[in-house]
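J.: Submitted below is the structure of interest, expressed as structure tokens.
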Amino acid sequence: MTMDMFNESLSRILTTYGVQTDFINFAGERQPIPEHDQLAVLSALNVDIFTDPTHTQLCAHKMAMLLQQDIAQQRTRVLPPVAVFTCQKNTSNARVPLQLPEYALGETLVCHLQSEQGERFEHAAGSYNLRASELEEIDRIQLGNTGYLTLNLPLSIGHLPPGYHSLHVRVGDLSADMPLIIAPAQCYQPPVLAQQKKLWGLSVQLYSLCSARSLGMGDFADLRLLMQRVAAQGAAFIVLNPLHAGALHYPENCSPYSPIDRRRINPLYIDPTLEPDFLEGEGAQWLASNRQAARLLLSIAQDSWIDYTQVTELKFCLFALMYEQFLRVQQQGLSSRLQHFNAFVQQQGEALRIYAQWQARHPVIAAGQFAASEQFYCYLQWLAESQLQCCQDEALALGMPIGLVRDLAVGSARDGTEVGEHDGLFCTKASIGAPPDPLAPQGQNWGLPPLSPKALTEHAYRPFSDLLRSNMAHCGALRIDHVMALMRLWWCPYQDSGHGAYVTYPAADLFAILRLESHRQRCMVIGEDLGIVPDEVKRHLSESGIYSNVLFYFEKNSPSQFRQPQDYPDRALAMLANHDVPTLAAWWCCGDLDLRFALGLTTSAEVLKAQKQQRQQEKLQMLQLLESQWLLPANRFSDDRIDRPVDHDLAAALMRCCSRTRSALVSVQLEDLALLQTPVNIPGTSDEYKNWRRKLPVELIDQLGTEPISRLLENLRVERP
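In terms of the working numbering, the sequence shown opens at residue 0 and continues consecutively.
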């Protein structure tokens with residue numbers, strides 16, 4: 000094999016597996032990806048083209064064999080694994096590749112469609128006695144002694160509604176079935192947004208929402224209390240953190256963005272006191288009089304940080320007593336609750352059973368005799384789903400037109416149930432992350448295994464649609480974290496942040512399925528598209544009717560000027576801040592910069608000084624923006640206006656400015672209403688900081704109806720009546 004042939008073979012392999020050879024970096028420059036990084040990603044994809052165990056030396060023979068095998072695998076299957084079409088775009092002239100050996104060309108083609116509802120449509124190719132030889136030939140290849148042809152098979156599918164249908168083809172003794180997915184052109188949009196209404200809401204990390212009645216962390220009862228307070232003041236929605244199930248046997252691994260299963264809900268969000276099994280069993284008495292309960296309640300109440308270990312112990316002691324009561328009632332006869340539980344388990348199917356099995360193998364000791372019971376963990380999922388549904392029902396009843404906005408994390412832990420359930424679907428030799436940029440010059444490794452694009456296609460995208468379906472339940476909108484993952488993901492070798500490459504995904508198909516599930520669940524979609532976003536992703540978001548996500552801090556026309564409200568995108572969720580950036584109060588006083596320096600995340604005092612100088616300039620730019628909007632508070636006209644600490648007048652002005660944007664949705668964090676400085680998360684840290692543990696003030700929910708916080712909410716309502 001000549002060097003040119005060698006390079007061409009490698010290029011074809013990289014293309015086949017979607018490994019990119021360059022990308023546009025944070026500076027807007029095209030950056031080549033070193034060959035050793037490309038090879039490392041191929042190795043993570045289990046592509047065997049190497050001569051040595053270090054996977055650095057390529058074998059020309061193995062490369063040729065791999066290409067031949069890939070060609071043979073693709074050309075000898077009659078139909079592709081799946082085909083996806085969009086209504087009114089490509090359904091009128093739908094085509095799928097039909098691949099046949101030459102000897103089958105003289106055979107009659109039998110082709111029929113079956114709709115999702117079970118209706119059968121004969122002659123899907125449009126002719127009764129059509130022979131395969133009459134189809135348009137696209138390509139021809141010789142494999143051994145047999146020639147294989149790729150033919151253009153026309154399909155009459157314009158009459159099919161959006162949904163999951165199937166195509167059956169038979170040519171002589173060859174036959175194949177293929178899932179055929181038809182999607183609407185755009186995502187679901189709530190009627191209130193179709194009327195050009197501009198809405199506002201709040202963002203909350205639910206676990207941090209600790210009220211006086213909480214059992215150590217925020218739960219669904221606290222969420223309902225929050226909704227009651229803010230719905231009366233005009234809020235249209237509440238943006239939540241991911242509610243995904245975590246590792247209950249290791250509760251301190253508490254990041255909502257590193258779950259064990261994104262299709263399940265964290266049982267710690269259950270409020271036991273709302274359930275009949277608590278009220279009618281021994282749970283209420285245990286909580287009121289047991290010494291262990293008293294010790295745990297006192298300890299978690301005194302701590303300003305969430306102690307997930309103690310919260311888990313307390314709640315699972317209660318859950319065990321509740322489940323015991325549930326079983327006791329069950330033994331007395333078939334109750335309506337048991338019927339609902341059985342229906343839930345049947346509806347959730349194999350995925351719930353596998354989750355429960357996994358959790359039973361990793362028991363929560365505090366659950367006592369039920370720690371290893373699969374049904375016990377199914378019971379908790381039933382309670383969690385039921386309570387979340389009650390929250391959304393109440394939000395709508397309170398007049399919130401959207402209600403809850405759930406958040407879908409970009410990945411799942413490699414040792415969890417979601418990864419373990421689908422053998423080969425996730426590439427556990429790699430992790431997803433991000434290439435180097437000014438905030439993380441060493442690159443980012445999020446420790447989560449990526450989906451294999453080829454395996455996802457072979458599964459006909461069912462794991463993706465199942466994931467969307469479960470996360471679109473019980474809410475009015477779904478925010479998709481790192482929505483660029485539908486087109487490409489940065490893969491890095493496991494436990495390595497400095498190297499990697501982008502791997503592409505079948506974006507057109509994935510966005511189509513997202514649109515389909517959005518309509519089926521009546522759930523609008525928000526794509527988190529912060530940072531460097533490829534134009535192709537922006538196009539998919541726009542064409543699919545997906546709302547983008549913008550952050551006030553990042554919206555600038557130039558390095559020296561914040562963007563004017565009228566220049567914001569209209570189809571967007573605009574946030575003053577979120578969990579990955581400093582709170583307003585911390586940003587203004589440079590508290591985030593000081594904290595990063597104290598944690599060793601800033602390399603030197605000189606760098607810190609430069610960062611603070613830049614922040615001073617940004618503060619001045621922010622005041623200039625407020626002045627241009629006639630919103631500058633009186634106390635900010637003085638010479639010390641930059642150095643004066645943030646107060647509610649400045650916060651009110653910034654919230655009004657953010658509310659004036661063209662964006663249809665605007666959200667403010669609870670911590671910014673309270674002018675808190677302590678962050679809930681510092682990106683790039685793990686053990687250095689207590690991420691995901693900071694509590695909000697206990698009295699905050701009650702303060703929403705009193706000055707000065709009520710005035711801040713009034714400002715939002717004034718700008719978005």
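Glycine included, each C-beta is placed from N, C-alpha and C at the ideal position.
Give the list of continuous beta strand (DSSP E) stretches no shorter than 3 residues that lie fully inside the stretch 133-218.
T.: 135-142, 145-153, 162-170, 173-182, 198-203, all fully within the stretch 133-218.
J.: Under 7 Å: does the beta carbon of R94 sit that close to some heavy atom of the ligand ZN?
T.: Because no ligand of any kind appears in the structure shown, any question about the ligand ZN cannot be addressed here.
J.: Rounding to the nearest angstrom, what Cα-Cα distance links A182 and R514 in this structure?
T.: If I take the Cα positions, the gap works out to 6 Å.
J.: Alpha carbon to alpha carbon, how far is L198 from F561? Give it in angstroms, no decimals.
T.: Those two C-alpha atoms are separated by around 22 Å.
J.: How long is the line joining the alpha carbons of R710 and V229, rounded to whole angstroms?
T.: Roughly 12 Å between the two C-alpha positions.
J.: For Q612 and C657, what's the separation of their Cα atoms in angstroms?
T.: Computed Cα separation, rounded: 24 Å.
J.: State the CB to CB distance for the pair D591 and P581, rounded to an integer number of angstroms; the pair is presumed to be in contact (CB under 8 Å).
T.: With a Cβ gap of about 3 Å, D591 and P581 count as contacting.
J.: Can you find at least 3 beta carbon pairs, one from the stretch 201-221 and one from the stretch 661-674, that sit closer than 8 Å?
T.: The stretch 201-221 vs the stretch 661-674: in contact.
J.: Can you tell me whether S685 is helix, strand or coil according to DSSP?
T.: S685: coil per DSSP, three-state reduction.
J.: At what residue ranges does the stretch 55-107 contain a whole run of the alpha helix (DSSP H), taking only runs of 4 or more?
T.: DSSP runs (the alpha helix (DSSP H)) wholly in the stretch 55-107: 59-74.
J.: Nearest chain D C-beta to R130 closer than 8 Å, yes or no?
T.: This model lacks chain D altogether; it includes just one protein chain.
J.: Does the separation of the CB atoms of A472 and Q520 fall below 8 Å?
T.: It is a contact, given that the beta carbons lie within the stated cut-off.
J.: Considering Cα atoms alone, identify which of E101, L242, A585 is closest to G143.
T.: Out of E101, L242, A585, E101 has the C-alpha closest to the C-alpha of G143.
J.: Quick check: the Cα distance between A597 and A396, rounded to an integer number of angstroms?
T.: Rounded to the nearest angstrom, the two C-alpha atoms are 47 Å apart.
J.: What residue range is occupied by the uninterrupted beta strand (DSSP E) comprising V46?
T.: It is not in any beta strand (DSSP E) - V46 carries neither H nor E in the DSSP assignment.
J.: So if DSSP puts P730 in a beta bridge, which residue, or which two residues, is it bridged to?
T.: It is not possible to answer for residue 730, since the shown part of the chain is limited to 0 through 720.
J.: With the cut-off set at 8 Å, would you say T660 and A573 are in Cβ contact?
T.: In this structure, A573 lies closer than 8 Å to T660 by Cβ.
J.: Near K61, what residues of its chain come up, given a Cβ to Cβ distance below 8 Å and the 5 sequence neighbours on each side ignored?
T.: D47, I48, F49, T50, listed in sequence order.
J.: Secondary structure at T503, three-state DSSP: helix, strand or coil?
T.: Here T503 sits in strand by DSSP.
J.: Could you tell me whether the Cβ atoms of N680 and D579 are closer together than 8 Å?
T.: Closer than 8 Å, so yes.
J.: Count the C-beta pairs between the stretch 694-712 and the stretch 638-651 that are closer than 8 Å, then say yes if the count reaches three, no if not.
T.: Short answer: they touch.
J.: According to DSSP, what are the bridge partners of W304?
T.: In DSSP, W304 forms a bridge with R693.
J.: Taking C-alpha atoms, which residue in E28, A43, R29 lies nearest to H35?
T.: Nearest of E28, A43, R29 to H35, Cα basis: A43.
J.: Only counting the same chain, and skipping five residues up and downstream in sequence, which positions put a Cβ closer than 6 Å to that of W587?
T.: Closer than 6 Å at the Cβ level, and outside the excluded window around W587, lie V645.
J.: In the structure shown, what three-state DSSP assignment does S541 receive?
T.: Three-state result, S541: helix.
J.: How many angstroms separate the CA atom of D69 from the CA atom of A184?
T.: The straight-line gap from Cα to Cα measures roughly 33 Å.
J.: Kindly indicate which residue of R11, V109, V77, L57 has the alpha-carbon position closest to the one of L66.
T.: Among R11, V109, V77, L57, the Cα nearest to that of L66 belongs to R11.
J.: For H243, which residues does DSSP report across the bridge?
T.: Bridge partners of H243: I264.
J.: Kindly confirm or deny that the stretch 291-301 and the stretch 249-258 touch, where touching means at least three C-beta pairs closer than 8 Å.
T.: Verdict: no, contact absent.
J.: Cα separation between P258 and H421?
T.: C-alpha separation (whole angstroms): 16 Å.
J.: On a CA-only basis, which of Q98, S174, C86 is nearest H111? Give me that one, please.
T.: When only C-alpha atoms are compared, the closest one is S174.
J.: Counting along the chain, where does the beta strand (DSSP E) carrying V667 start and finish?
T.: Counting along the chain, the beta strand (DSSP E) containing V667 begins and ends at 664-668.
J.: Kindly confirm or deny that the stretch 313-330 and the stretch 280-293 touch, where touching means at least three C-beta pairs closer than 8 Å.
T.: Yes, the stretch 313-330 is in contact with the stretch 280-293.
J.: How many angstroms separate the CA atom of Q346 from the CA atom of Q623?
T.: Near 56 Å, if we compare the C-alpha coordinates of Q623 and Q346.
J.: Hey, out of T14, T15, M4, P31, whose CA is closest to G499's CA?
T.: Of the listed residues, the one whose Cα sits closest to G499 is P31.
J.: How many angstroms separate the CA atom of E698 from the CA atom of Y307?
T.: C-alpha separation (whole angstroms): 21 Å.
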